[in-house]
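**Q** Mind looking over this structure? Questions follow.
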Amino acid sequence: MNEEFITEIFNKLRDKELNEYRVSKDQFLAFRKVLVERSDFKHFRGIALHGGEVIYTYQDEARS
Numbered sequence: 165m166n167e168e169f170i171t172e173i174f175n176k177l178r179d180k181e182l183n184e185y186r187v188s189k190d191q192f193l194a195f196r197k198v199l200v201e202r203s204d205f206k207h208f209r210g211i212a213l214h215g216g217e218v219i220y221t222y223q224d225e226a227r228s
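Those letters in the sequence shown? Residues 165 to 228, by the numbering used here.
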């Protein structure tokens, strides 16, 4: 999975084209690397699931 594809996923979450996106344990580090470089990263919420999966959502209000 390349950074361009991951950025597209985060943009779709931000633009409300996707409500959520599920990331596998194997993909997590690649997604995290792209996420922390974004200026709007505090708007994203990652919900950890059993087995190492994470569901990302976009919040209108940034977390503190």
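Cβ atoms here follow ideal geometry from the backbone N, Cα and C, with glycine treated the same way. Note that the structure is predicted; figures quoted are calculated from it, not measured.
1) How many angstroms separate the CA atom of residue 200 from the CA atom of residue 215?
2) Hey, how far is the Cα of residue 212 from the Cα of residue 219?
3) Start and end of the beta strand (DSSP E) containing residue 208?
4) What would DSSP say about residue 227, mapped onto helix, strand or coil?
5) Classify residue 202 as helix, strand or coil using the three-state DSSP reduction.
**A** Judging by the given coordinates:
1) As a working note, residue 200 is residue 36 in the sequence shown. As a working note, residue 215 is residue 51 in the sequence shown. Using only the alpha carbons, I get a separation of about 22 Å.
2) Here residue 212 refers to the residue found at position 48 of the sequence shown. Here residue 219 refers to the residue found at position 55 of the sequence shown. Their Cα atoms are separated by approximately 7 Å.
3) Here residue 208 refers to the residue found at position 44 when the sequence shown is read from its first residue. Counting along the chain, the unbroken beta strand (DSSP E) around residue 208 starts and ends at 208-212.
4) Taking the sequence shown and counting its residues from 1, the one referred to as residue 227 is at position 63. Residue 227 falls in the coil class under three-state DSSP.
5) Here residue 202 refers to the residue found at position 38 when the sequence shown is read from its first residue. When secondary structure is reduced to three states using DSSP, residue 202 falls in the coil class, being assigned neither helix nor strand.
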